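These notes concern the structure reproduced below.
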Amino acid sequence: YRGADVFVLAFSLVSRASYENVFKKWIPELQHHAPGVPLVLVGTKLDLREDKHFLADHPGLVPVSTSEGEELRKQIGAMYYIECSSKTQQVMMNRWSCRKILDYHHVNHGDYDTQHESPGFWKDSYL
Numbered sequence: 038y039r040g041a042d043v044f045v046l047a048f049s050l051v052s053r054a055s056y057e058n059v060f061k062k063w064i065p066e067l068q069h070h071a072p073g074v075p076l077v078l079v080g081t082k083l084d085l086r087e088d089k090h091f092l093a094d095h096p097g098l099v100p101v102s103t104s105e106g107e108e109l110r111k112q113i114g115a116m117y118y119i120e121c122s123s124k125t126q127q128v129m130m131n132r133w134s135c136r137k138i139l140d141y142h143h144v145n146h147g148d149y150d151t152q153h154e155s156p157g158f159w160k161d162s163y164l
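Using my numbering, count along the sequence shown one by one with no gaps and you end on 164.
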């Protein structure tokens, strides 16, 4: 972990064990070996969270909601929370996270112009 600039902690949106391990296993590990390194929390398998066939094949499974992911982000002090699907290439983040990423990019690269953004861009939506 030496020299890491950021950690991306990923968990499956359709696995409670994966979600719980972020707080139980990975946060203690990172606090011990890399205190102070910024975190990005990522919920994966977004496509399966509302997939009726997948949920029917896994009775009793309760997917992790967006609000639960946001709450975990707050608990662990992650800078951002993002949900995504590698299968569908869908990415979802809230307006706050998206704005912080673009602001960071602007400060560090100077090529983002907030004067020309579209008015609907900052709605909570899919990117």
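Every residue gets a Cβ at the ideal spot worked out from N, C-alpha and C, and that includes glycine.
Keep in mind it's a predicted model, so treat the numbers as computed, not measured.
Residue i versus residue j - alpha carbon distance
i, j, result
"Q127", "R86", "12 Å"
"K9", "D84", "Missing from the structure shown is residue 9; the chain here goes from 38 to 164 and no further."
"A54", "P72", "24 Å"
"L110", "F60", "Sequence check: residue 110 is Arg here, not Leu. Spanning the two alpha carbons is a distance of roughly 10 Å."
"Y118", "H70", "22 Å"
"H95", "D88", "11 Å"
"H90", "E105", "23 Å"
"E66", "P100", "25 Å"
"H142", "S52", "Note that H142 scores a pLDDT of 49, beneath 50, so its modelled location is shaky; the value from the coordinates is reported in the next line. Cα to Cα, the separation comes out at about 32 Å."
"G80", "E120", "5 Å"
"E107", "I113", "10 Å"
"N58", "R39", "22 Å"
"V45", "Q68", "14 Å"
"L92", "K82", "13 Å"
The beta strand (DSSP E) enclosing residue i, as first and last residue numbers
i, result
"L109", "It is not in any beta strand (DSSP E) - L109 instead sits in the alpha helix (DSSP H) that spans 103-113."
"L98", "Taken as a continuous stretch (DSSP letters only), L98 belongs to no beta strand (DSSP E), as it is neither H nor E."
"E120", "117-121"
Residue i (DSSP reduced to helix, strand or coil)
i, result
"A47", "strand"
Which listed residue (the options) has its alpha carbon closest to that of residue i
i, options, result
"V74", "W63, S122, F48, M129", "W63"
"A41", "Y56, V77, S52, S49", "V77"
"S122", "A47, L98, E107, Y38", "A47"
"S102", "M116, L50, R39, Y38", "L50"
Continuous alpha helix (DSSP H) stretch holding residue i: start and end
i, result
"Y56", "53-58"
"E66", "64-70"
"R86", "83-86"
"D94", "89-94"
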